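Residue numbers (this note's numbering): 9 to 124.
Ideal Cβ positions, reconstructed from N, Cα and C, are used throughout, including at glycine.
Source: prediction; values computed, not measured.
Below is one structure; the comments refer to it alone.
Right, dumping it as structure tokens:
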């Protein structure tokens, strides 16, 4: 990492947690930006139970679940109409096609109806 270690680490974690294709793809994006130039252990320590990548994976999973939760909350009738699992598959496909680009979730579903 460069001189701005904290900022670089934040950008690395952001890429990994929010990448639509998962932590590994986020790490590759971070490598392309020069935010990760070696193995994970060079940026983040493992702990006795989980590797650094597994630890970041927990945050990535919860981030994705939070986005799904927002869509479920905004379209409860569609959840009932399609069923929970089919709606979640549809919502994940939408989020992959339209990843969140804002710090707020207020506009997350704005393109959802048009995308359907």
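- Sequence-distant partners of residue 29 (beyond 5 residues in either direction) whose C-beta falls short of 6 Å from its own C-beta are missing from its chain.
- Runs of the alpha helix (DSSP H) spanning 4 or more residues and lying entirely within the stretch 39-68 occur at 48-51, in chain order.
- For residue 107, the three-state secondary structure derived from DSSP is coil.
- For residue 84, the enclosing alpha helix (DSSP H) begins and ends at 84-90.
- Here residue 33 is actually not in contact with residue 48; their C-beta atoms are around 14 Å apart, not less than 8 Å.
- Rounded to whole angstroms, residue 66 and residue 21 show a C-alpha spacing of 12 Å.
- For residue 21, the enclosing alpha helix (DSSP H) stretches over residues 13-26.
- Here the alpha carbons of residue 109 and residue 46 stand approximately 27 Å from one another.
- In the three-state reduction of the DSSP assignment, residue 94 falls in the helix class.
- In the three-state reduction of the DSSP assignment, residue 124 falls in the coil class.
- The Cβ neighbour count for residue 35, taken over all protein chains shown within 10 Å, is at least 16; the residue is labelled buried.
- Shortest Cα-Cα distance from residue 121 to any of 75, 83, 71 involves 83.
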